[in-house]
Amino acid sequence: MLTVASPVVELRLAAHGELLSLAKLVAQDLAVSAAFGADEAEDLRLAVDEAVAAQARRADDGAVVECAFRCAGRMTVTVATTSSWAFPPGPDEVGWHILRALTDSLDAWTEPAPGADGWRLCVEFAKDPYAR
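Sequential numbering of the sequence shown, starting at -12, is according to the working numbering.
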C-alpha cells in the first residue's frame, strides 16, 4: 500500500499521440497498488482518460500532456498542458460533468506558461477510497 511518503509519479506524453492511453493505465495500476477497489480504480482510469483527452484537444502543436499522480489516502491527479488558449476545461463542457461524477473533488485553473508565451492549463481531481 502507498503511504503519505509516497513519491509523485509523473508522466509526460506528446499531446497528440497514441501514447496518451498510457496515462489511464498508470492511473489504474497506481490505484490498485494503493488498495483502491476495482470500481474506484476504474473511476480513476476513466477520469484520467477524460482529463487527458480534454487537455490534448487544447494543447498547442508540439506540446506535452503532463500527469502527476499522488496517493496519500486519496489519489490526487493533476493533468496539465501548454496552450495559446487560456481556458481549461470547465462546467460548460460534458467532460467536466463526467469528471465531476467520477471523482470526489475537481478544480481547473490557468497560469502563465513558464518560459514561454501562452498558458499552462491545469485540471486536478481526487478520488477517495470507498469505506470498507
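No residue lacks a Cβ here, since even glycine has one placed at the ideal position from N, Cα and C.
These numbers come from a predicted model, not from an experiment.
* To do: Return helix, strand or coil for TRP72, following the three-state DSSP convention.
  => coil
* **Buried versus exposed, by CB contacts within 10 Å (16 or more), ARG(-1)** => exposed
* Under a three-way DSSP split, which group does ALA18 fall into? -> helix
* In the structure shown, what three-state DSSP assignment does ASP36 receive? -> The three-state reading of DSSP puts ASP36 in helix, counting H, G and I together.
* **Touch test, the stretch 19 to 27 against the stretch 72 to 85, Cβ-Cβ under 8 Å, three pairs minimum** => no
* Since I believe VAL39 is in contact with VAL13 (beta carbons under 8 Å), could you give me their beta-carbon distance rounded to a whole number of angstroms? => The pair is not a contact, with the Cβ atoms about 10 Å apart (cut-off 8 Å).
* Just checking, does the stretch 62 to 77 make contact with the stretch 98 to 111 on the three C-beta pairs under 8 Å criterion? -> yes
* Asked: Which whole-angstrom value is the C-beta distance of ALA46 and SER8, which I expect to be below 8 Å?
  -> Not confirmed; about 16 Å, so no contact.
* Rounded to a whole number of angstroms, what is the C-alpha to C-alpha distance between PRO75 and GLU98? -> The straight-line gap from Cα to Cα measures roughly 10 Å.
* Would ALA18 pass as a contact of LEU31 if the rule is Cβ separation under 8 Å? -> yes
* With burial defined as no fewer than 16 other Cβ atoms inside 10 Å of the residue's Cβ, what is the status of ALA10: buried or exposed? -> buried
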